[in-house]
Ligand SMILES: C[S@@+](CC[C@H](N)C(=O)[O-])C[C@H]1O[C@@H](n2cnc3c(N)ncnc32)[C@H](O)[C@@H]1O
């Protein structure tokens with residue numbers, strides 16, 4: 035199965051750190067999670083979707099697999115329960131991709147708030163790839179004080195996406211317009227910045243004005259090194 039450029043970029047972002055548990059939330063047909071099972075044989079891969087027939091299909095497929103590092107959950111992703119073995123703080127990665135930024139951020143907040151004040155609190159990383167409402171996501175991550183691990187711009191099938199990897203263990207504040215993903219010698223990145231500026235230019239409110247000026251102010255120093 036050949037993954038899209040967007041899902042391939044997400045898989046690549048998981049390679050930085052070993053995780054005990056990886057949650058493919060909003061998994062749909064489970065393509066991403068199935069690649070993660072191969073890539074991370076020592077991790078438990080959790081497939082989560084709120085639609086029963088989708089999870090039933092994924093489960094029916096996984097049962098025929100030779101791998102056993104998976105679990106399926108028919109759940110609202112906001113309600114996932116991150117388990118820790120007694121006395122052992124396990125590292126969890128939660129991936130949410132392919133849904134709108136507002137819904138995605140509701141899920142992140144619910145998961146983070148539910149688990150962050152537990153005595154044996156889990157080590158939490160997120161890889162997020164929203165469809166639209168990027169600013170809502172970035173502001174929400176700042177509010178939760180989830181710090182940046184990496185971020186990148188992906189162009190896939192004529193659409194642009196951002197893949198944002200954050201962690202409860204990182205102190206590097208997330209920027210509202212991205213600080214470590216731009217490469218202005220890449221014409222795709224110039225196009226993406228122009229799309230974002232055109233979008234905010236049309237909106238007559240103070241937040242849009244602020245975001246527009248942040249995009250305009252991006253400089254060479256914000257580029258990928
Ligand atoms: C467009 S698919 C995204 C599939 C895949 N993550 C990707 O990025 O290609 C969106 C999926 O999100 C699921 N979904 C929507 N709201 C959800 C929720 N609250 N909890 C879990 N899954 C949800 C839908 O059932 C659908 O399968």
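In the numbering used here, the protein residues as written are 35 to 259.
Glycine is no exception: its CB is placed at the ideal position from the N, C-alpha and C atoms.
With a cutoff of 8 Å on beta-carbon distance, residue 161 and residue 48 are scored as near each other.
Residues of the same chain with a CB within less than 6 Å of the CB of residue 199, apart from the 5 flanking positions on each side, are 47, 161, 183, 184 in chain order.
Taken from the Cβ of residue 47, every heavy atom of ligand 1 lies 7 Å or farther away.
For residue 133, the uninterrupted beta strand (DSSP E) segment begins and ends at 125-134. Bounds of any beta strand (DSSP E) do not take in residue 90; it lies within the alpha helix (DSSP H) bounded by 86-97. In the three-state reduction of the DSSP assignment, residue 157 falls in the strand class, which pools E and B.
Neighbourhood of ligand 1, defined by CB distance below 5 Å to any of its heavy atoms: 60, 62, 83, 84, 85, 110, 111, 131, 132, in chain order.
Within the same chain, Cβ atoms closer than 6 Å to the Cβ of residue 67 are found at 58, 61, 79, 81, the five residues on either side in sequence being excluded.
Residue 184 is bridged by DSSP to 199. Taken through DSSP and simplified to helix, strand or coil, residue 190 comes out as strand. Within 10 angstroms of the beta-carbon of residue 196 lie 16 or more other beta-carbons, which makes it buried. If you ignore the 5 residues before and after residue 158, its C-beta comes within less than 6 Å of the C-beta of 126, 202, all in its own chain and listed in chain order.
By a beta-carbon distance limit of 8 Å, residue 105 does not contact residue 135. Their separation comes to about 27 Å.
Contact annotation: residue 224 and residue 43 have beta-carbon atoms that are not nearer than 8 Å. Following the DSSP letters along the chain, one finds residue 82 inside the beta strand (DSSP E) bounded by residues 78-83. Within the same chain, 169, 210, 211, 234 come within 7 Å of residue 245 by CB-CB distance, once the 5 residues on both sides are set aside. Exclusion of the five residues before and after residue 178 leaves 146 as the residues of its chain whose Cβ lies within less than 6 Å of its Cβ.
Residue burial is scored here from C-beta neighbours: residue 94 has fewer than 16 other C-beta atoms within 10 angstroms and is therefore classed as exposed. In the structure shown, residue 56 adopts extended strand secondary structure according to DSSP, grouped into three states. Here the alpha carbons of residue 237 and residue 218 stand approximately 25 Å from one another.
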